[in-house]
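Letter by letter, the sequence shown follows residues 7 to 324 in this note's numbering. In what follows, a structure is listed as structure tokens, so that the remarks can point back to it.
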Amino acid sequence: MRKMLWSWLFMGVALATGIYATLALDYDQNKVVLYFFLPYFALTTAMQYLWPEQPNQFEKGEVWTDILNNAALIGLTWAQGGIVKWMSTAGVGLVFTSGWVDPAYSAGNLPMWAQVLVAWFVFDFMFYVTHRMAHEVDFFWRFHSVHHCAHRLSFMNASRVHPIDIIWRRLVPMFVAYQTGVSVEAMIMANTIGAVLAVITHMNVDFRFGPVNYVIGTNEMHRWHHSNKIEEAKNYSVLLFWDHLFGTYVNPPTQRRPEKMGLFNELFYPRHNFWGQLLIPFTWKQWKARQAAAQGTAVPGAASPAPAESEPSRKAAV
């Protein structure tokens, strides 16, 4: 019970501090990152050593690969600035500004707290959609597999993502959320709330959230998403309402974590090779053929892996 209370306290204080910082810094995202998120990231990293769920035993090349991925994500975020700025100005509520829908129905007419809820709910729903597609559509899985190749969760490997994958799972939900007509401030606040919770999903900390696990995709729930078993690797959203609604919620009552995290078949996969991970979507056929040759199995056609091979792989976890 004590662990559960500490876990709730951490989540509550993190959310409250993030919301306060966003308000106090007048919705300036750069300042929110500098004065709230950077200290938050430092704290979460330290907690992984003070209160680890799994021993901090790193595989060869793991840390360096994660450092490069984090650096690449920072660069990509900066590069996306122009697109995000367009979304937050000329790209807001296009169905209303174009005259297709009466502006009276725009979410921008709601009180700020309601706009934040709309922005968060719509963004998280579209994140569920794009994330699930990243597992179930072979083209998207080739990019998303990079995020699933690690054998454990940690704050550092939350950014182990292919650039095309993160563009798909970040910009599409943001664009759709902006079409509701919410204000930029509402989207920034929703982003703060979502980012605080998203960090918790990947923390290698021995949290015990209890009933919260039925509502929020905590790290306890996200471990199952990273299982290498197709029937376990679900829990696609941060707000688990969508997983309950669409039958993808997984929370086995007799286990705290899956037997193994990672890819279903990781033979020859560049698990701790940053440059290899950037290239794997484009060398997929060669990789699968190499696997098949080593395992004595046939590669159907010359194009894509057989459903028996690719399907479990796709469900191999985020």
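Backbone N, C-alpha and C define an ideal beta-carbon position, used for all residues, glycine too. Predicted, not measured: the structure shown is a model, and the values here were computed from it.
Exercise. Given a threshold of 16 other Cβ atoms within 10 Å of its Cβ, counted over all protein chains shown, does residue 197 qualify as buried or as exposed?
Worked result: As a position in the sequence shown, residue 197 is number 191, starting the count at 1. The residue in question, residue 197, is buried, as its Cβ has 16 or more Cβ neighbours within 10 Å.
Exercise. Of the residues 40, 8, 184 and 46, which one's Cα is nearest the Cα of residue 20?
Worked result: Here residue 20 refers to the residue found at position 14 when the sequence shown is read from its first residue. In terms of Cα proximity to residue 20, the closest of 40, 8, 184 and 46 is 46.
Exercise. Quick one, are the C-beta atoms of residue 140 and residue 150 less than 7 Å apart?
Worked result: Translated into positions along the sequence shown, residue 140 becomes position 134. Translated into positions along the sequence shown, residue 150 becomes position 144. In this structure, residue 150 lies closer than 7 Å to residue 140 by Cβ.
Exercise. Can you tell which of 143, 271 and 222 has its C-alpha closest to the C-alpha of residue 235?
Worked result: Position 229 of the sequence shown, counted from the first residue, corresponds to residue 235. The option with the nearest alpha carbon to residue 235 is 271.
Exercise. Quick one: complete alpha helix (DSSP H) runs, 4+ long, within the stretch 152-238?
Worked result: Note on the stretch 152-238: whole alpha helix (DSSP H) runs with a minimum of 4 residues are 169-184, 190-207 and 225-231, in chain order.
For this session: Evaluate the contact criterion for the stretch 101-116 versus the stretch 201-214: three or more CB pairs, one atom per stretch, below 8 Å.
Result: No, the stretch 101-116 does not touch the stretch 201-214.
For this session: Answer yes if the stretch 8-20 comes into contact with the stretch 180-199, meaning at least three C-beta pairs across the two stretches below 8 Å, and no otherwise.
Result: The answer is no - the stretch 8-20 does not touch the stretch 180-199, with fewer than three Cβ pairs under 8 Å.
Problem set entry | residue 132 (DSSP reduced to helix, strand or coil) | To locate residue 132, count along the sequence shown from 1; it is residue 126. Correct three-state label for residue 132: helix.
Exercise. Applying the criterion that 16 or more other CB atoms from any shown protein chain within 10 Å of the CB defines a buried residue, is residue 301 buried or exposed?
Worked result: On the sequence shown, position 295 is the one that residue 301 refers to. Answer is exposed; the Cβ neighbour count stays below 16.
For this session: Evaluate contact between the stretch 164-181 and the stretch 125-138, counting only Cβ atoms and requiring at least three cross-stretch pairs below 8 Å.
Result: Touching, per the Cβ criterion.
Exercise. Buried or exposed: which applies to residue 345, given that a residue is buried once 16 or more other Cβ atoms fall within 10 Å of its Cβ?
Worked result: Because the chain here runs from 7 to 324, residue 345 falls outside it and cannot be looked at.
For this session: Just the C-alpha distance for residue 268 and residue 85, rounded to the nearest angstrom, thanks.
Result: The count along the sequence shown starts at 1 and reaches residue 268 at position 262. The count along the sequence shown starts at 1 and reaches residue 85 at position 79. Those two C-alpha atoms are separated by around 29 Å.
Exercise. Is residue 199 closer than 7 Å to residue 126 when the C-beta atoms are compared?
Worked result: Here residue 126 refers to the residue found at position 120 of the sequence shown. Here residue 199 refers to the residue found at position 193 of the sequence shown. Their beta carbons are under 7 Å apart, which means residue 126 touches residue 199 by this criterion.
Exercise. When you compare each of 8, 22, 60 and 28 to residue 210 by their alpha carbons, which one comes out closest?
Worked result: Start at 1 with the first residue of the sequence shown, and residue 210 comes out as number 204. If we check each option's Cα against that of residue 210, 60 comes out closest.
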